[in-house]
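Novice:
Number of protein chains: 2
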Amino acid sequence: MTTDFQNWASQRQTAIETFLDRRLPGTDCVPVRLHQAMRYSVLGGGKRVRPLLAFAAGELSQADDQRVTIVAAAVELIHAYSLVHDDMPCMDDDILRRGKSTCHIEFDEATALLTGDSLQTLAFELLSEKRLSDDADTQLMMIKQLANASGSRGMAGGQAFDLDNVGKTLTLPELEFMHIHKTGALIRAAVMLGARCSNRLSDAQLEKLDHFAKCVGLAFQVVDDLLDAEATTATLGKTAGKDAENNKPTYVSILGIREARDRAEKLQYDADRVLNEFGNAAIRLRQVTDFIIKRKF
Amino acid sequence: MTTDFQNWASQRQTAIETFLDRRLPGTDCVPVRLHQAMRYSVLGGGKRVRPLLAFAAGELSQADDQRVTIVAAAVELIHAYSLVHDDMPCMDDDILRRGKSTCHIEFDEATALLTGDSLQTLAFELLSEKRLSDDADTQLMMIKQLANASGSRGMAGGQAFDLDNVGKTLTLPELEFMHIHKTGALIRAAVMLGARCSNRLSDAQLEKLDHFAKCVGLAFQVVDDLLDAEATTATLGKTAGKDAENNKPTYVSILGIREARDRAEKLQYDADRVLNEFGNAAIRLRQVTDFIIKRKF
Numbered sequence: 005m006t007t008d009f010q011n012w013a014s015q016r017q018t019a020i021e022t023f024l025d026r027r028l029p030g031t032d033c034v035p036v037r038l039h040q041a042m043r044y045s046v047l048g049g050g051k052r053v054r055p056l057l058a059f060a061a062g063e064l065s066q067a068d069d070q071r072v073t074i075v076a077a078a079v080e081l082i083h084a085y086s087l088v089h090d091d092m093p094c095m096d097d098d099i100l101r102r103g104k105s106t107c108h109i110e111f112d113e114a115t116a117l118l119t120g121d122s123l124q125t126l127a128f129e130l131l132s133e134k135r136l137s138d139d140a141d142t143q144l145m146m147i148k149q150l151a152n153a154s155g156s157r158g159m160a161g162g163q164a165f166d167l168d169n170v171g172k173t174l175t176l177p178e179l180e181f182m183h184i185h186k187t188g189a190l191i192r193a194a195v196m197l198g199a200r201c202s203n204r205l206s207d208a209q210l211e212k213l214d215h216f217a218k219c220v221g222l223a224f225q226v227v228d229d230l231l232d233a234e235a236t237t238a239t240l241g242k243t244a245g246k247d248a249e250n251n252k253p254t255y256v257s258i259l260g261i262r263e264a265r266d267r268a269e270k271l272q273y274d275a276d277r278v279l280n281e282f283g284n285a286a287i288r289l290r291q292v293t294d295f296i297i298k299r300k301f
Numbered sequence: 005m006t007t008d009f010q011n012w013a014s015q016r017q018t019a020i021e022t023f024l025d026r027r028l029p030g031t032d033c034v035p036v037r038l039h040q041a042m043r044y045s046v047l048g049g050g051k052r053v054r055p056l057l058a059f060a061a062g063e064l065s066q067a068d069d070q071r072v073t074i075v076a077a078a079v080e081l082i083h084a085y086s087l088v089h090d091d092m093p094c095m096d097d098d099i100l101r102r103g104k105s106t107c108h109i110e111f112d113e114a115t116a117l118l119t120g121d122s123l124q125t126l127a128f129e130l131l132s133e134k135r136l137s138d139d140a141d142t143q144l145m146m147i148k149q150l151a152n153a154s155g156s157r158g159m160a161g162g163q164a165f166d167l168d169n170v171g172k173t174l175t176l177p178e179l180e181f182m183h184i185h186k187t188g189a190l191i192r193a194a195v196m197l198g199a200r201c202s203n204r205l206s207d208a209q210l211e212k213l214d215h216f217a218k219c220v221g222l223a224f225q226v227v228d229d230l231l232d233a234e235a236t237t238a239t240l241g242k243t244a245g246k247d248a249e250n251n252k253p254t255y256v257s258i259l260g261i262r263e264a265r266d267r268a269e270k271l272q273y274d275a276d277r278v279l280n281e282f283g284n285a286a287i288r289l290r291q292v293t294d295f296i297i298k299r300k301f
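Residue numbers (our numbering), protein chains in the order written: chain A, 5 to 301; chain B, 5 to 301.
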């Protein structure tokens, strides 16, 4: 990771943090406990991988930074909502997230439920309250894309598929189906929404970018599985080895660690090939991809 | 209730049911269990009060019926998601809704959580996938309004405020704050989104309509509290007397039944006064208001 990229990423991470800090209702705003829990669940943590992808895609399409900040924040809110609900006792029953207590532990289950609900809603509020694209129709398309990526045929559907198959043996295609939905769809939305903040890319270019995003989304999950299998709780900041303990199907459980690593590298190669067609304009996307796929190895 | 209104309402209830039946993912669509639970929680039940308000407001602004159907369905999905989550063990812990088992009883808690999440997402998907207003900017405003009405400073915020105050004594202003958010905001959104499906109403007219919607929203809650206090489980189709049992503050617990009834009638009077300014064009809104406030008495 170059200093240049580190600076770029750190500036964007700060921009997202600052924006979300200002935009989330304050803790003086009734209902106080809910707003505390929302801020607790969103602020001060996470690598902001999806926002970084949105920013990098926004640079490719030379989009306005303020627009991209809002779009990136919306995607991050969807991600944050999914983590809050995913950690609840009826789902993964996790007590640690980003190195601190999960929302339902720090507050209570009912508050965690409403926190996730409200973070999702806020994402759509962000996407509709200011002009974020060159025309309003494109903005409607962006909202549709985020909704599609988040719902029962996107992220939430992937989680449901995951739950349905705990303890079962999955084939590789089934596993990929799960990940394309569970994490891939939102990563794809992050890239596409970032790019659509300006109309500069052609439909053909957007299609290529979408293919890139699919590869990165899948690679991201393979790496996540590898991290869970290899890392300790201390370096990961969340309870490690949960997947194996819960007997959840992962790339590692199906392919083994070595083959899972190969798969991550192959996906990165495919992603790189798309980016090469964009030349120098894709430098940030290339760096973010490296950052995602090579993190912690 | 006149036959004319019964026919009108029944046609709209069928239209919403048909639309939602077609638009909700089929039970052959993976993840099957999640889609079964979504359909179970939305279809075949409920008075569709919010859709009826949206349709009536749409008639006032002479909006296209197909647009209003989609908008009405989106509002109903938000309502349905809130019921699914509200019934969960960490919230109201209810086992009966609309005369059948609640979602987490019929399926399981994790599925109920994801069902509510996905129904919310689908609402925003509906509002963004087709043109629903005379211009795209108005449609963005409609999305913003629904998000605002649903989130932490709307419906979910009202639920959080409610939970925070179980067992406590509320003042009347605190109780009204709760209801304006918990149920009022979404009812207001139903009316305003229905009306905004066409640009025919002036800003001044929309403002009046908004005031009407606030009165109806509050009246609706007063009646709901009265129903809970008076009705039996059999006629209500959900567990009756839960509010008193849970020691929840309601209009009835603060004002008593007689004064709560007076309050409902006063609110209806205020609502009627606004509608009178619209003359004959508001006939359906007048009828729906009667239907909401006088139901079951």
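Cβ atoms here follow ideal geometry from the backbone N, Cα and C, with glycine treated the same way.
Closest to V226/B by CA distance: which of L205/B, P253/B, T173/B and A208/B is it?
Specialist: P253/B
Novice: Give the residues of chain A in contact with Q124/B, contact being defined as C-beta atoms less than 8 Å apart.
Specialist: D121, Q124 and T125
Novice: In whole angstroms, give me the CA-to-CA distance for K300/A and V292/A.
Specialist: In this predicted model, K300/A has a pLDDT of only 48, less than 50, meaning its place in the structure is not dependable enough to derive any value.
Novice: Between the region 190 to 202 of chain B and the region 151 to 170 of chain B, can you find at least three pairs of beta-carbon atoms closer than 8 Å?
Specialist: A contact exists between the region 151 to 170 of chain B and the region 190 to 202 of chain B.
Novice: Sort L118/A, Q209/A, G49/A and A223/A by Cα distance to M92/B and report the nearest one.
Specialist: L118/A
Novice: Determine, using beta carbons only, whether R27/B and A67/B come nearer to each other than 8 Å.
Specialist: The answer is no: Cβ separation not under 8 Å.
Novice: Measuring straight from C-alpha to C-alpha, what distance separates V256/B and I20/B?
Specialist: 33 Å
Novice: Compare the C-alpha of H183/A against each of F165/A, L197/A and V195/A and name the closest.
Specialist: F165/A
Novice: According to the Cβ coordinates, are A58/B and V46/B closer than 8 Å?
Specialist: no
Novice: Run through chain A and tell me which residues come within less than 8 Å of Q40/B, C-beta to C-beta.
Specialist: Simply none; closest approach about 10 Å.
Novice: Helix or strand or just coil, what does DSSP make of V131/B?
Specialist: It should be noted that the sequence gives Leu, not Val, for residue 131/B. Judged by DSSP in its simplified three-state form, L131/B adopts helix.
Novice: Taking Cβ-Cβ distances shorter than 8 Å, what residues in chain A pair up with M196/B?
Specialist: None at all; the shortest Cβ gap to chain A is about 14 Å.
Novice: E129/A versus chain B: which residues are under 7 Å apart at the beta carbon?
Specialist: K148, A151, N152 and G155
Novice: Specify, as a first and last residue, the run of the alpha helix (DSSP H) that A84/A falls within.
Specialist: D69 to D90
Novice: Can you give me the C-alpha to C-alpha distance between F23/A and L38/A, rounded to a whole angstrom?
Specialist: 19 Å
Novice: Closer than 6 Å by C-beta to L271/B: which residues in its own chain qualify, once you throw out the five before and the five after it? Chain order, please.
Specialist: C219, L222 and A223
Novice: Tell me, to the nearest whole angstrom, how far the beta carbon of S137/B is from that of C201/B; I am working on the premise that it is less than 8 Å.
Specialist: With a Cβ gap of about 6 Å, S137/B and C201/B count as contacting.
Novice: Can a CB atom of chain A be found closer than 8 Å to the CB of D168/B?
Specialist: Cβ-Cβ to chain A under 8 Å: yes for D168/B.
Novice: Are the CB atoms of M196/B and S122/B nearer to each other than 8 Å?
Specialist: The answer is no: Cβ separation not under 8 Å.
Novice: Mind checking whether F295/B and A13/B have CB atoms under 8 Å apart?
Specialist: yes
Novice: Compute the Euclidean distance between the alpha carbons of I99/A and Q124/A, then round it to the nearest angstrom.
Specialist: 21 Å
Novice: Which residues in chain A have a C-beta closer than 7 Å to the C-beta of H89/B? List them in chain order.
Specialist: L117 and D121
Novice: Let me know if Y273/B comes out buried or exposed under the rule of 16 or more other beta-carbons within 10 Å of its beta-carbon.
Specialist: exposed
Novice: Assuming P29/B is part of the alpha helix (DSSP H), what are its boundary residues?
Specialist: Unbroken run through P29/B: none, as it is neither H nor E.
Novice: With distances taken between CB atoms, is the gap from H83/B to R54/B smaller than 8 Å?
Specialist: yes
Novice: Can you tell me whether K134/A is buried or exposed? The criterion is at least 16 other CB atoms within 10 Å of its CB, across all chains shown.
Specialist: exposed
Novice: Are the beta-carbon atoms belonging to I147/B and F128/A less than 8 Å from one another?
Specialist: In contact: I147/B and F128/A (Cβ atoms closer than 8 Å).
Novice: In chain B, what lies closer than 8 Å to S45/A by C-beta?
Specialist: Those within 8 Å of S45/A in chain B number zero; the least Cβ separation is about 12 Å.
Novice: From which residue to which residue does the alpha helix (DSSP H) around A285/A run?
Specialist: No alpha helix (DSSP H) holds A285/A; DSSP gives it neither H nor E.
Novice: Any beta carbon of chain A sitting closer than 8 Å to that of D37/B?
Specialist: A small correction: the amino acid at residue 37/B is Arg; Asp does not occupy that position in the sequence shown. Closer than 8 Å: yes.
Novice: If you measure from the beta carbon of A275/A to each beta carbon in chain B, is any gap under 8 Å?
Specialist: no
Novice: Comparing the C-beta of A114/A with each C-beta of chain B, is any distance below 8 Å?
Specialist: For A114/A, the nearest CB of chain B lies under 8 Å from its own CB, placing it at the interface with that chain.
Novice: At a Cβ threshold of 8 Å, is F111/B touching chain A?
Specialist: no
Novice: Determine whether the Cβ of D32/A lies closer than 8 Å to any Cβ atom of chain B.
Specialist: No, no contact with chain B.
Novice: Near F9/A, what residues of its chain come up, given a Cβ to Cβ distance below 6 Å and the 5 sequence neighbours on each side ignored?
Specialist: Shown here for F9/A: same chain residues with a beta carbon closer than 6 Å to its own, the five before and five after excluded, namely Q291 in chain order.
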